[in-house]
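All remarks here apply to the structure that follows.
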Amino acid sequence: MTVSQRPRTIIFDLYGTLVLGGSRLQRDTVAFQMADALEVDRTAFADIVRDTFDARVRGTMGGLSETISELAQRVGGSPTSRQIALATEQRLEFCRGLLSDSYSAMHLSQMKERGYRFGVVTDCSAETPLSWNSSWLRDVIDVVAFSCELGVRKPDPEIYLAATRRLNVQPDECVFVGDGGSNELYGAHELGMAATMLVDPNLVDTERFEGHSSWDGTIITSLAELVSAFNE
Ligand SMILES: [Mg+2]
2 MTVSQRPRTI
12 IFDLYGTLVL
22 GGSRLQRDTV
32 AFQMADALEV
42 DRTAFADIVR
52 DTFDARVRGT
62 MGGLSETISE
72 LAQRVGGSPT
82 SRQIALATEQ
92 RLEFCRGLLS
102 DSYSAMHLSQ
112 MKERGYRFGV
122 VTDCSAETPL
132 SWNSSWLRDV
142 IDVVAFSCEL
152 GVRKPDPEIY
162 LAATRRLNVQ
172 PDECVFVGDG
182 GSNELYGAHE
192 LGMAATMLVD
202 PNLVDTERFE
212 GHSSWDGTII
222 TSLAELVSAF
232 NE
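Quick note, the sequence shown lines up with residues 2 to 233 if you use my numbering.
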């Protein structure tokens with residue numbers, strides 16, 4: 002079956018699919034800046050940011066400032082509210098930068114003009130929803146399902162179903178497009194979505210790419226392929 006035979010609702014992964022997720026170096030650099038603001042050890046802080054990824058994307062550590070305060074304390078710090086506010090702003094600035102990348106905007110706009118509806122399903126921590134409204138994505142994406150707000154992450158069916166409910170469609174009416182992180186393609190496929198792996202060299206910047214070689218379903222190498230497939 003070709004992509005062109007699929008319905009007009011597409012659910013996208015966010016990082017590594019619509020925007021870059023930030024390389025490990027970039028993410029550690031931000032963690033070091035935050036550590037300096039919080040007056041804690043740089044390496045220990047960068048490590049604990051990484052090690053708490055699962056808890057942060059499940060939203061179990063609370064809001065962004067609360068999370069940063071907790072992480073600083075876990076590495077022996079006792080930051081002031083002013084220091085926490087500075088580190089929070091540094092993290093938000095990094096996230097807003099990622100979400101300002103408009104590489105995908107033209108393709109999404111072309112499809113939008115043809116009547117497609119879009120959802121985003123993402124494993125993300127508190128800074129993503131806080132940065133969303135200042136991004137171009139807000140105007141193009143119809144519904145979002147943020148893991149940190151829902152308390153579930155991919156490939157749990159509930160995070161996809163949150164998006165399909167908000168779009169008022171059934172999972173088997175949707176195409177899911179993602180770079181494959183979090184086993185997202187298998188989760189989407191099991192719900193009956195037409196799962197499609199996007200392997201765009203311009204959007205590969207993280208170690209999250211590991212394990213993707215096992216996907217034997219549909220693969221595209223740019224969103225442009227998706228656009229042309231739907232134009233057939
Ligand atoms: Mg991804």
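The C-beta atom is built at its ideal place from N, Cα and C for all residues, glycine as well. Treat the numbers as computed from the prediction; the structure is a model and nothing was measured.
Asked, Found
"Would the beta-carbon of Thr-197 be found less than 7 Å away from any heavy atom of ligand 1?", "no"
"Please report the straight-line C-alpha distance between Glu-226 and Glu-128, rounded to a whole angstrom.", "31 Å"
"Within 10 angstroms of the Cβ of Val-185, are there 16 or more other Cβ atoms? Answer buried if so, exposed if not.", "The sequence given here places Glu at residue 185; Val does not occur at that position. With 16 or more Cβ atoms within 10 Å of its Cβ, Glu-185 is classed as buried."
"With a Cβ-Cβ cutoff of 8 Å, do Ser-182 and Ala-196 count as a contact?", "Note on identity: in this sequence residue 182 is Gly, with Ser being the wrong assignment. In this structure, Ala-196 does not lie closer than 8 Å to Gly-182 by Cβ."
"Note down, in chain order, each residue of its chain lying with its Cβ closer than 6 Å to the Cβ of Pro-172, except the 5 sequence neighbours on either side.", "Thr-165, Leu-192, Gly-193 and Met-194"
"Under the DSSP definition of a beta bridge, which residues are partnered with Ala-195?", "Val-176"
"Smallest Cα separation from Leu-176: which of Asp-157, Arg-154 and Leu-199?", "Here the sequence assigns Val to residue 176, which means Leu is not the residue at that position. Ranking Asp-157, Arg-154 and Leu-199 by Cα distance to Val-176 puts Leu-199 first."
"Quick one: using the 10 Å Cβ neighbour count with 16 as the cut-off for buried, is Gly-212 buried or exposed?", "Note on Gly-212: pLDDT 49, under 50, position unreliable in the model; no value is reported."
"Looking at C-alpha atoms only, which residue of Pro-202, Gly-179, Leu-109 and Ala-47 is the closest neighbour of Asp-140?", "Leu-109"
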